[in-house]
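Numbering (the working numbering), first residue to last: 67 to 473. Each residue gets a CB set at the ideal place from its N, CA and C atoms; glycine is no exception.
Right, dumping it as structure tokens:
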């Protein structure tokens, strides 16, 4: 009897241990799935820094028209608590596809000027990558196949061939600058990395690549970036790249119905996933929220089959709350913006002109007008045909019809 009861107690204890183990495993799995709270993630996001990165990204679209000293005139940087070191800015052009100025980078140094800006590194370097501006850039955009970057720290990582190519070709010039300006692996000064669109995608890869090489990459902001890699790459970002600024590996800003963050489209052989986490802004309500995965509520989940998102890339991708004058645009449209002493009136007029152009011709409005005109023409043709058919065999005189006898 005692032996039987002892066996029962042992069996019950075993069952309890199994249940406890399963509960712990479920809790761990749930914690891994949920991750840090939105409040923890949002605490690392600073709109003032986003505005500063937006201005630096806007300067990159100037390309060869950019006067280097113009980058030092960065009021948004001052408001964020840092300034660009005078005389430190250099321009880097990287050739591709027969274009000697295919890809453009701004390299510079910064120092913190406000001791209260604790999330701004005390000093360091920054790298800004320009977005799509020429034919060669679009060749890179459409090199959508995945390739092995051969990173020993992430053997299963697979990256966008075109974007990795831009990073790989620029790396020697970028390393040369960083090593010569106190941001080498030995010196350890922080490196900030940013860029818009294609520039954001290349910046994402650069964050991981420079981290692999031992550089001290600070928590960086990438703006409206397309996706760049597979799930292994995403996990590598979470587990390794974010080691100095947990729990967020990168501030990935997206906006409204911008389709760029949901590009490239997933295929069996190219399973792209977005990097964590998405800092989504709603241009209608002016609100921000955290999106953990591709969601229909956020930019990475935009349905490409819808009419408006296909056209709104021209608005929500370039009309942005963090961009200068709320517009990210090319230098040929706003040449005054790229000079050291821009005329404020002409600068305003240039931005206003581009805004009007984008709204009328690229924001879906022009397509809507064309479709409306075509619809009116089509209805007119149908009405004319109906009138013709109804009058066939009749002589139409005002509101009366006189039958014409058949011959």
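Assigned secondary structure, residue i (DSSP; H/G/I helix, E/B strand, else coil)
i	result
residue 317	strand
residue 249	coil
residue 290	coil
residue 216	coil
residue 145	helix
residue 156	strand
residue 282	coil
residue 454	helix
residue 384	coil
residue 225	strand
residue 375	Reliability fails at residue 375, whose pLDDT of 47 lies under 50, so the model's placement of it is uncertain and no value is given.
residue 91	In this prediction, residue 91 has a pLDDT of 38, which is less than 50 and means its spatial position is unreliable; nothing more can be read from the coordinates.
residue 325	coil
residue 389	coil
residue 344	strand
residue 396	coil
residue 263	coil
residue 270	helix
residue 256	strand
residue 211	coil
Extent of the continuous alpha helix (DSSP H) run through residue i
i	result
residue 351	Per DSSP, residue 351 belongs to no alpha helix (DSSP H) and is neither H nor E.
residue 106	104 to 108
residue 365	No alpha helix (DSSP H) contains residue 365, which DSSP labels as neither H nor E.
CA-to-CA distance, residue j to residue i, given in whole angstroms
i	j	result
residue 134	residue 315	30 Å
residue 257	residue 269	12 Å
residue 293	residue 267	7 Å
residue 313	residue 132	36 Å
residue 415	residue 332	41 Å
residue 217	residue 349	38 Å
residue 286	residue 278	16 Å
residue 223	residue 408	45 Å
residue 116	residue 336	31 Å
residue 143	residue 149	6 Å
residue 105	residue 356	9 Å
residue 243	residue 147	24 Å
residue 342	residue 107	10 Å
residue 385	residue 392	5 Å
residue 445	residue 439	10 Å
residue 88	residue 301	Summary for residue 88: the model assigns pLDDT 41, below 50, so the residue's position carries little reliability; its value from the coordinates is reported in the next sentence. Cα to Cα, the separation comes out at about 25 Å.
Beta carbon of residue i nearer than 8 Å to that of residue j
i	j	result
residue 249	residue 190	yes
residue 483	residue 309	The question about residue 483 has no answer, for the chain in this structure spans 67 to 473.
residue 124	residue 394	yes
residue 230	residue 273	no
residue 322	residue 288	no
residue 232	residue 206	yes
residue 247	residue 202	no
residue 151	residue 192	no
residue 327	residue 320	yes
Residues that DSSP places opposite residue i in a beta bridge
i	result
residue 169	160
residue 176	150, 190
residue 311	Its beta-bridge partners do not exist; DSSP assigns none.
residue 336	333
residue 405	Answer is none; residue 405 lacks a bridge partner.
Continuous beta strand (DSSP E) stretch holding residue i: start and end
i	result
residue 120	Note, residue 120: premise wrong, no beta strand (DSSP E); alpha helix (DSSP H) at 113 to 126.
residue 413	Counting along the chain, residue 413 falls outside any beta strand (DSSP E), though it belongs to the alpha helix (DSSP H) covering 410 to 423.
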